[in-house]
Structure formats: C-alpha cells, structure tokens
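Participant: The structure is given below, and queries will be raised subsequently.
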Amino acid sequence: MTTWFNHVVAPVLQQHLGDSEYINGPNFTATDVYVGFSLFVAETQLGLLQTHKQLKAYLYRLMARPAFQAALKGWQ
Amino acid sequence: MATGISVKDRRYFLTVYNNCFVGSDAVTWLVQNTHAQSRKEAVLLGRAMVKWGFIRHVEGDHTLKDMTLWYHFTNKKLGASAAGISPTETASTANNGSNSSSTASLSSISTSNLNTVRSRASMVSFAPSSSSNSASLNNLSSSLSMSNLASLASMAARSASQPIQTPARMTPSAEVVSSYRALAQVGAMQQSKSTNDLHAAAAGAAASASASASASASTPRFVPPVIGGVTATSRDIAPFLLWHIPGSRSSRVLWLAYELDVAVEVTPMKPEHLKRPEYLAINPNGSVPAARHGDLPLWEGGAIMEYLLKFAALDTAKFESKSTPGAPPSPASPLQPPEWTQVNWARHQMYSYWSIVTLDEKLFGFGSSRLTNSTSASYALV
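Chains A and B are the protein sequences, given in the same order.
Each residue of the first sequence is one higher than the last, beginning at 779 in the working numbering.
Each residue of the second sequence is one higher than the last, beginning at 107 in the working numbering.
Next up, the structure:
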C-alpha cells in the first residue's frame with residue numbers, strides 16, 4: 779500500500795496541487811474536503827505522508843480550518 | 107417584521123450600511139411573536155426568508171444566524187414578479203436614514219412580497235403527490251410544507267397590514283398553530299439523539315418509504331415548483347439530519363456541511379449500530395453517512411456532498427454579491443468543485459482516490475456489502 783501511495787496517488791495529487799494553496803487553486807473548494815479527508819486518514823492512521831512534505835503542509839492547512847476542527851473534534 | 111425590530115444605519119469601521127437590522131433581533135422577534143417556538147426554529151424560518159430573497163446579509167456572506175450580523179430587507183425578487191415599487195420610493199429607502207420613512211416603504215415592499223409568497227404557497231399546495239394515507243409521515247411532511255408556506259404568507263401579511271405606530275404583540279392564526287403542531291410531531295420523530303430513539307426514527311423512515319412507494323404507484327411523482335430559479339419545497343425549512351460515526355467517512359459530509367453553513371443535526375452512531383434493522387430502514391447499505399433532508403432520504407457520502415452543494419447553491423445570498431451578473435462563477439464559488447471533479451478528477455479517481463477509500467473501508471470494517479442498485483438510485487436523486 780505504501781508503494782502504491784508513493785508511486786501512484788502522491789504524484790497525481792502533487793501534480794494537481796503544484797505550488798498553490800489548495801488543490802483547485804488559491805481558494806478553498808469542496809474538492810479539498812473530498813480529498814482532504816482521505817489524506818487525513820492516510821496521515822493519521824497510516825503515516826503515509828512522511829515523505830511528502832508538500833502534501834503534509836497542504837493537509838495541515840486544511841486541518842487548521844474551523845469547520846474541519848468542528849467536524850473532527852478529538853480525532854486530530 | 108420590518109416594524110417590529112430596530113432598522114437603522116450601522117457603521118462597521120469606515121463602511122456605513124443603511125437600514126439594516128441585527129440577525130439575533132429578528133430571531134427574537136420571530137419567537138416573541140410566536141411565529142417560532144424556539145430560536146432554533148426561528149433561525150430555520152429566517153434561512154428560508156434569506157433563500158427566497160426577502161432578507162439578505164449586508165455583504166451577502168451569511169444566511170440568517172442568531173448572531174450580531176447585519177441584514178437588509180430586500181425587494182430584489184419583486185422587480186421581476188410584482189413590480190409594485192416605484193424607483194423613487196426605493197431611492198428614499200436607500201438614502202433616508204430616519205426610521206419612520208424607511209419602515210413605511212419597507213412595509214409597502216412586504217405587501218408586494220406577500221403576493222409572491224402567496225403565489226408560491228398556492229403552487230406548492232398543488233404539488234405534493236402524497237397518497238390518501240393521512241397518517242403517514244410523508245403526508246405529514248408535505249402538509250407541513252404547505253402550512254409552513256402559509257405561515258410565512260400570513261406572517262408577511264401581518265407585517266404589512268400592521269400600523270407602524272403600534273407594534274403590538276400578535277396572536278398566532280390557526281394555520282400557524284397547526285403548522286407548528288405538525289412540526290413538533292415530525293421533530294419528535296426525527297430528533298433521535300440516543301440509540302433508543304433510533305427506533306422511532308427508523309419507524310418513521312420506513313413508514314415514509316412505504317407511503318412513497320404506494321404513492322408513486324397511483325399518482326405522478328412530486329415535482330417541486332421552481333419560481334425565479336428557486337425551488338420551493340419543505341426542505342427550505344427542514345433541518346438537515348445526518349447519521350454520523352465520529353472520525354469515519356461521514357466526517358467528510360459533516361465538514362462540508364460546516365463549511366457551507368448548512369443547519370445540520372447530527373445523530374452520533376457506533377459501528378455496531380450499523381447492521382441493526384432500525385438503521386437499515388434509514389440506509390439499506392448499513393453504512394454511514396446517511397442523511398435525511400425533509401422528505402428526501404440520502405446515503406453515500408459523494409451523493410450527499412453533491413446534494414449539499416446544490417442545496418447551498420440555491421442559497422442565493424451566498425453567491426450573488428460576489429459575482430457580477432453574466433460573469434462566470436468566481437473561483438471561490440462552491441459551485442466549482444463538482445464540475446472540476448467531473449472533468450479533471452474523475453480521470454484519476456480509479457488510480458488515486460479509490461485506493462485510499464478501499465483502505466479506509468477496511469480500516470473501519472464496514473462498507474464492503476453494497477446494494478449497488480439503491481446506491482446508484484441515491485446518486486440519481488441528487
């Protein structure tokens with residue numbers, strides 16, 4: 779699974795994310811919710827983001843949002 | 107309502123907002139004048155008024171909230187439908203800061219608003235196709251939508267006809283009382299905070315499902331009326347119910363609901379509750395998230411998220427101020443993600459997204475058995 783994530787999932791996400799703040803550009807969109815939760819699980823349950831600094835920074839940007847913290851209270 | 111609450115110019119740093127009122131004042135007024143039994147109910151009514159364009163946040167950033175946020179009464183929708191206001195009168199509302207003249211023109215606005223609401227109410231009353239089964243929840247909720255619309259209409263009527271000098275306490279009309287009695291019954295059925303209450307909710311959902319099945323056999327499907335681009339249904343006023351296991355995939359839906367500022371009522375669940383018959387009546391897949399908005403049952407996170415986005419998109423106040431007419435939606439618009447998802451994301455879904463999702467399912471030990479037919483049906487619904 780780690781190999782699959784590193785070689786297939788992460789490059790696609792990186793490519794879409796680029797240097798922008800969110801996956802869809804500079805503004806937060808619902809796609810970030812969709813993708814962000816999967817990344818959250820990948821990071822907190824499986825530690826898959828260790829080698830992906832950019833994705834990790836992106837995830838932490840999402841986790842800083844008040845709505846995220848309200849929805850996942852106690853799970854961070 | 108325009109006469110009952112304090113409408114005046116307010117200043118926020120250097121910007122002055124003319125003739126606005128405070129959100130929590132409006133909520134207080136709705137409760138004090140028995141249009142709503144609780145502040146929560148009043149907020150739902152207020153949100154419907156925002157959605158239909160009768161009131162509007164000064165910057166268009168918020169729906170009605172029980173907070174110190176500022177709102178205008180608006181005559182925006184009337185230009186097309188009623189055309190009852192002369193430009194000079196509107197101009198005096200905009201320029202004159204004094205309370206008496208502004209409330210006078212505001213009440214004339216709500217007179218024409220009333221016609222709009224009435225026409226909506228009458229259209230809706232023809233629309234629901236519920237069966238002759240008078241005891242069913244389905245009937246209850248459709249009659250609820252009618253009587254709630256009627257109560258909005260009567261509310262506007264009383265606001266308009268009331269003399270400006272005497273903002274006396276009003277007595278509720280029979281239809282308002284009956285609508286809230288119905289609301290209380292539905293509320294009792296739907297507010298299932300504990301697992302024991304889940305039985306009641308499941309029974310209600312099952313009754314509704316069987317009722318709608320029998321209804322669809324005999325009568326045509328319910329088609330909600332669309333007026334001025336806004337679909338009027340009982341869902342305008344209904345809370346959004348979500349069955350949620352904390353930390354699971356349903357968190358995604360909850361997160362989006364919070365981002366979109368949708369009034370959501372959460373029923374916390376545990377994984378061992380999923381396969382119980384009372385929950386299977388709510389979601390035959392036996393998985394979270396499951397949701398119910400008014401008379402519409404929803405399951406599958408992706409479908410619920412799409413529904414939430416569409417529902418929030420109807421919340422016109424959220425978008426109109428931010429984008430110029432005719433221009434494509436701004437990048438900040440929540441309308442963009444589904445498009446983007448369909449065009450760009452779908453290509454990569456099989457390789458990137460689902461690999462995480464299947465893992466996610468194994469992790470939490472559910473979601474393996476799917477009723478594909480009902481699942482695709484739930485997507486077709488939204």
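Quick reminder that beta carbons are idealized off the backbone N, C-alpha and C, glycines included.
If contacts are defined as beta-carbon pairs under 8 angstroms, then R398(B) and L347(B) qualify, I think. What distance do you get, rounded to the angstrom?
Facilitator: Right, the Cβ-Cβ distance comes to about 4 angstroms (below 8 angstroms), so this counts as a contact.
Participant: Helix, strand or coil for I161(B)? Go by DSSP, reduced to three states.
Facilitator: Strand.
Participant: So is M490(B) buried or exposed if we call it buried at 16+ other beta carbons inside 10 Å?
Facilitator: What the structure shows of chain B is the stretch from 107 to 488, and residue 490(B) is not part of that stretch, so it cannot be assessed.
Participant: Return no unless some Cβ of chain A is closer than 8 angstroms to the Cβ of M173(B).
Facilitator: So, not an interface residue.
Participant: May I ask you to list the residues that DSSP assigns as paired with E371(B)?
Facilitator: E371(B) pairs with L347(B).
Participant: Can you name the start and end residues of the beta strand (DSSP E) that Y118(B) belongs to?
Facilitator: Per DSSP, Y118(B) belongs to the beta strand (DSSP E) from 114–118.
Participant: Rank A369(B), A142(B), S356(B) by C-alpha distance to the C-alpha of G392(B) and give the top, closest one.
Facilitator: Minimum Cα distance to G392(B) is reached at S356(B).
Participant: Run through DSSP, which three-state label would F127(B) get?
Facilitator: Of the three classes helix, strand and coil, the one that applies to F127(B) here is strand, per DSSP.
Participant: What residues match up with A397(B) in a beta bridge as DSSP calls it?
Facilitator: Paired residue(s): L348(B), L404(B).
Participant: In terms of alpha-carbon separation, which member of K381(B), W176(B), E378(B), A409(B) lies closest to G129(B)?
Facilitator: Nearest option by C-alpha distance: W176(B).
Participant: Using a C-beta to C-beta distance shorter than 7 angstroms, which residues of chain A count as neighbours of L415(B)?
Facilitator: Within chain A, the residues near L415(B) are A808.
Participant: Got a sec, what are the start and stop residues for the beta strand (DSSP E) H379(B) sits in?
Facilitator: From DSSP, H379(B) is part of no beta strand (DSSP E); its letter is neither H nor E.
Participant: Check this for me: beta carbons of L136(B) and A148(B), under 8 angstroms apart or not?
Facilitator: Yes, these two residues count as a Cβ contact at 8 angstroms.
Participant: Closest to H350(B) by C-alpha separation, out of H379(B), L366(B), H141(B), would be which residue?
Facilitator: Residue H379(B) is the option with its Cα nearest to H350(B).
Participant: Which residues bound the beta strand (DSSP E) around H72(B)?
Facilitator: No answer is possible for residue 72(B): the residues shown for chain B start at 107 and end at 488.
Participant: Going by C-alpha to C-alpha distance, which of V368(B), A344(B), A409(B) sits closest to H168(B)?
Facilitator: Answer by Cα proximity: V368(B).
Participant: Can you tell me the Cα-Cα spacing of E365(B) and V372(B), whole angstroms?
Facilitator: C-alpha separation (whole angstroms): 15 angstroms.
Participant: Whose Cβ in chain B lies nearer than 9 angstroms to the Cβ of T850(A)?
Facilitator: For the sequence presented, residue 850(A) should be read as Leu rather than Thr. Going along chain B in sequence order, the residues near L850(A) (Cβ under 9 angstroms) are P352, G353, S357, L360, W361.
Participant: Are the C-beta of A836(A) and some C-beta of chain B separated by less than 8 angstroms?
Facilitator: According to the sequence provided, residue 836(A) is Tyr. The question's Ala does not apply to it. Not one chain B Cβ lies under 8 angstroms of Y836(A).
Participant: So what's T121(B) in DSSP terms, helix, strand or just coil?
Facilitator: Here T121(B) sits in strand by DSSP.
Participant: I'd like to know whether the C-beta of T155(B) is nearer than 8 angstroms to at least one C-beta of chain A.
Facilitator: Going by the sequence as given, residue 155(B) is Met instead of Thr. No, M155(B) lies away from the interface with chain A (no Cβ there is under 8 angstroms from its Cβ).
Participant: Starting from the C-beta of I69(B), find all residues in its chain whose C-beta is less than 6 angstroms away, skip the five residues before and the five after it, and write them out in chain order.
Facilitator: Chain B is shown only over 107 to 488; residue 69(B) falls outside these bounds and no answer can be derived.
Participant: For D797(A), does the count of other Cβ atoms within 10 angstroms reach 16, so buried, or fall short, so exposed?
Facilitator: Exposed, since its Cβ has fewer than 16 Cβ neighbours within 10 Å.
Participant: According to DSSP, simplified to helix, strand and coil, what is G152(B)?
Facilitator: Helix, per DSSP.
Participant: Just how far apart, CA to CA, sit V394(B) and N124(B)?
Facilitator: Between V394(B) and N124(B), the C-alpha separation is close to 46 angstroms.
Participant: Decide if P377(B) is buried, meaning its Cβ has at least 16 other Cβ atoms within 10 Å, or exposed.
Facilitator: Answer is exposed; the Cβ neighbour count stays below 16.
Participant: Taking 8 angstroms as the CB-CB limit, is E165(B) close to chain A?
Facilitator: For E165(B), the answer is no, since every Cβ of chain A falls outside 8 angstroms of its Cβ.
Participant: Label G825(A) either buried or exposed according to how many other C-beta atoms from any shown protein chain fall within 10 Å of its C-beta, with 16 as the threshold for buried.
Facilitator: Exposed, by the Cβ-count rule.
Participant: Grab the span of the alpha helix (DSSP H) containing G814(A) for me, first residue to last.
Facilitator: G814(A) -> alpha helix (DSSP H) spans 808–822.
Participant: Grab me the residues of C126(B)'s own chain with a C-beta within less than 8 angstroms of its C-beta, minus the 5 sequence neighbours each way, in chain order.
Facilitator: Answer for C126(B): V113, K114, D115, R116, V164, W176, Y177, H178, listed in chain order.
Participant: Under 7 angstroms Cβ-Cβ, which residues of chain B neighbour A845(A)?
Facilitator: Chain B residues near A845(A): W361, Y364, E365.
Participant: Roughly how many angstroms lie between the CA atoms of S816(A) and L404(B), to the nearest whole one?
Facilitator: Looking at the two C-alpha atoms, the distance is approximately 21 angstroms.
Participant: Just the Cα atoms here: how many angstroms apart are F783(A) and Q828(A)?
Facilitator: Approximately 12 angstroms, taken between the alpha carbons.
Participant: Locate the alpha helix (DSSP H) running through H794(A), then write down its first and last residues.
Facilitator: Residues 788–795.
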